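Mapping of the sequence shown onto numbering that gives the first Met the number 0: residues 0 to 129, in sequence order. Every residue gets a Cβ at the ideal spot worked out from N, C-alpha and C, and that includes glycine. This structure is a prediction, so every number in the text was calculated from the model and none was measured.
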Amino acid sequence: MHPEFYRISSGDFAIIKEARHRKARIFSCGTTTLRTLETCAGDFTRPVSGAGDEGDAAARVIEGFTSLYIYPGYEFKMADLLITNFHLPRSTLILLTSAFAGKELLFKAYRYAIEKKFRFFSYGDAMLII
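This is how it looks when you write it as structure tokens:
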């Protein structure tokens, strides 16, 4: 899968870490965000053990490249919901969304989208996977 650059600001890092600590649902807006969250899962899931950790989280900036290849069978650690567009057939991103939604549900959504003449690909319609 193609590498993508990511950068998580210190403020966003603190918000995500605190949300994970509270067991809040994590909403991923797009596949790059999903890959970033999953790549950095270990940074967010370390237990918060005291006031020092909160300060550390607030000061943390994470950046790098992810080449994480997500396909059916992958066990998600961070994201609970995903919003994404309808991807090209036979692409790595359709495999990623299939891993997240499940093959049957994703194919059902694509059949509906085709029937209703949704627009596909990067500038088309989007779907929310819950």
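How would you write the range of the beta strand (DSSP E) that residue i sits in, first residue to last?
{"i": "leucine 67", "result": "Careful: leucine 67 lies outside any beta strand (DSSP E) and carries neither H nor E."}
{"i": "isoleucine 128", "result": "125-128"}
{"i": "leucine 81", "result": "80-84"}
Please work out which residues of its chain come closer than 7 angstroms, Cβ to Cβ, to residue i, disregarding the five sequence neighbours upstream and downstream, and give them in chain order.
{"i": "glutamate 3", "result": "Thr31, Arg34, Phe64, Thr65"}
{"i": "proline 71", "result": "Leu94, Ser97, Ala98, Lys102"}
{"i": "aspartate 11", "result": "none"}
{"i": "histidine 1", "result": "none"}
In its own chain, which residues sit with a C-beta less than 6 angstroms from the C-beta of residue i, not counting the 5 before and 5 after it?
{"i": "cysteine 39", "result": "Ile61"}
{"i": "isoleucine 15", "result": "Phe43"}
{"i": "tyrosine 73", "result": "Ala98"}
{"i": "isoleucine 69", "result": "Leu95, Ala98"}
{"i": "isoleucine 7", "result": "Ile61"}
Run through the DSSP bridge pairs and tell me what residue i is partnered with.
{"i": "cysteine 39", "result": "Answer is none; cysteine 39 lacks a bridge partner."}
{"i": "arginine 6", "result": "Glu62"}
{"i": "phenylalanine 26", "result": "Leu80"}
Using 8 angstroms as the cut-off, classify the Cβ of residue i as near or not near the heavy atoms of the ligand NAD, replying yes or no.
{"i": "leucine 105", "result": "Judged by which ligands are present, the structure shown has none, so any question about the ligand NAD falls away."}
Which residues mark the beginning and the end of the alpha helix (DSSP H) in which residue i is found?
{"i": "glutamate 74", "result": "Careful: glutamate 74 lies outside any alpha helix (DSSP H) and carries neither H nor E."}
{"i": "serine 97", "result": "91-100"}
My assumption, with CB atoms under 8 angstroms, is that residue i sits in contact with residue j. Please give the rounded CB distance.
{"i": "phenylalanine 85", "j": "tyrosine 122", "result": "So it is not a contact: roughly 11 angstroms between Cβ atoms."}
{"i": "isoleucine 82", "j": "leucine 36", "result": "Between leucine 36 and isoleucine 82 the Cβ distance is about 13 angstroms, and since that is not below 8 angstroms, they are no contact."}
{"i": "aspartate 79", "j": "arginine 24", "result": "4 angstroms"}
{"i": "leucine 87", "j": "phenylalanine 120", "result": "6 angstroms"}
Using C-beta distances below 8 angstroms, list every residue in its chain close to residue i, excluding the 5 sequence neighbours before and after it, in chain order.
{"i": "lysine 22", "result": "none"}
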